[in-house]
Amino acid sequence: DKDQSEHDEL
Amino acid sequence: MNIFRFAGDLSHVFAIIILLLKIWKTRSCAGISGKSQILFAVVYLTRYLDLFTTYVSLYNSVMKVLFLATSGATVYLMYVKFKATYDHNHDSFRIEFLLVPCALLALVINHEFTVMEVLWTFSIYLESVAILPQLFLVSRTGEAESITSHYLFALGSYRALYLLNWVYRYMVESHYDLIAIFAGVVQTVLYCDFFYLYITKVLKGKKLQLPA
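Taken in sequence, the protein lines are chains G and P.
Quick note on numbering: the first sequence equals residues -9 to 0 in our numbering.
Quick note on numbering: the second sequence equals residues 84 to 295 in our numbering.
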């Protein structure tokens, strides 16, 4: 699971 | 990156280009809410501060710069260059009613209590409701030009396509972000009434006119 505070969307 | 997200991003860029072209070609911003455009500029400014701290991809960085530049240009055209055509009287939505609750909510419900993260969360909440002054303007004047309707349709489709992106990412990557998903659902729901009118009227060549 990715860290939720890594935002890779726009 | 999946097809839904890419289609959503394209739809978002398309919406912005339609709006800029409409204002530029007609030399007028009649029917467009300057308040919504200011809110979108605030959304991009608070969300894309991470341009300086986090690198995701060239695609992401280019799009972020594009959104910042085009929203700045839109606000400039409306409030400076074509100020005389701006419809002040009908654009009377009070944006503090959106800004304050979004700020408070971002302070309370966020992934992490840091400046960058709270600003990101604020931008997500604000984006979900930033179209309200525009929808309010359309409801006050009772109609929208076709080009304005196309703009709204492309802008609304963008978050609807992102919903599909989030479903896909949950199923394929087990990745989800509840704040973005919740705000995205709210944002899309706000457009539903408009989508209905767009499909039943504008696509059939009629002007978007609200029932009296």
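We treat Cβ as the ideally placed atom computed from N, Cα and C, and that holds for glycine.
Take Phe325/P and list the residues in its own chain whose beta-carbon comes closer than 6 Å to its own, dropping the five residues that flank it on each side.
Since the displayed chain P opens at 84 and closes at 295, residue 325/P lies outside it and no answer follows.
Would you say Ser211/P lies against chain G (beta-carbon separation less than 9 Å)?
No - not a single Cβ of chain G is within 9 Å of the one on Ser211/P.
Beta-carbon separation (whole angstroms), Leu102/P vs Tyr234/P, contact threshold 8 Å:
Right, their Cβ atoms sit about 5 Å apart.
How would you list, in chain order, the residues of chain G whose beta-carbon sits under 8 Å from the beta-carbon of Met146/P?
Correct list: Leu0.
Taking contact to mean 3 or more Cβ pairs, one atom from each stretch, closer than 8 Å, check whether the region 190 to 210 of chain P and the region 129 to 147 of chain P are in contact.
Touching, yes, given that three or more Cβ pairs across the two stretches are closer than 8 Å.
Between Asn143/P, Ala237/P, Tyr131/P, which lies nearest to Phe97/P when the distance is taken from Cα to Cα?
The option with the nearest alpha carbon to Phe97/P is Ala237/P.
Helix, strand or coil, according to DSSP, for Glu179/P in the structure here?
In the structure shown, the three-state DSSP call for Glu179/P is helix.
To the nearest angstrom, how far is the alpha carbon of Thr168/P from that of Ser154/P?
Thr168/P and Ser154/P have their C-alpha atoms some 18 Å from each other.
Note the first and the last residue of the continuous alpha helix (DSSP H) segment covering Val156/P.
Checking the sequence, you will find Ala at residue 156/P rather than Val. Ala156/P -> alpha helix (DSSP H) spans 141 to 159.
Just checking my contact of Arg110/P with Phe165/P at CB under 8 Å: how many whole Å lie between their CB atoms?
Correct: roughly 6 Å between the Cβ atoms.
Mind the definition here: the region 181 to 188 of chain P touches the region 84 to 99 of chain P only if three or more C-beta pairs lie below 8 Å; say whether that holds.
Between the region 181 to 188 of chain P and the region 84 to 99 of chain P there are fewer than three inter-stretch CB-CB distances shorter than 8 Å, so the stretches are not counted as touching.
Please classify Glu228/P: does DSSP put it in a helix, a strand, or coil?
Coil.
How many angstroms separate the CA atom of Leu244/P from the CA atom of His173/P?
Straight-line Cα distance between these residues: approximately 31 Å.
Local conformation of Leu293/P per DSSP, three classes
Taken through DSSP and simplified to helix, strand or coil, Leu293/P comes out as coil.
So with Cβ pairs under 9 Å, would you call Phe150/P a contact of chain G?
Phe150/P counts as touching chain G.
I need the straight-line Cα distance from Ile207/P to Leu286/P, nearest angstrom please.
CA-to-CA, the gap between Ile207/P and Leu286/P works out to about 30 Å.
For Arg242/P and Asp260/P, the rounded distance between their alpha carbons:
Between the alpha carbons of Asp260/P and Arg242/P lies a gap of roughly 14 Å.
Candidates Ile230/P, Ser222/P, Gly114/P, Leu246/P: closest to His171/P by CA position
Of Ile230/P, Ser222/P, Gly114/P, Leu246/P, the residue nearest in Cα terms is Gly114/P.
Neighbour-count burial assignment, Glu195/P, 16 or more Cβ in a 10 Å radius
The residue in question, Glu195/P, is exposed, as its Cβ has fewer than 16 Cβ neighbours within 10 Å.
Excluding sequence positions up to five away, which residues of its chain have a Cβ less than 7 Å from the Cβ of Val125/P?
So the qualifying residues of the chain are Leu209.
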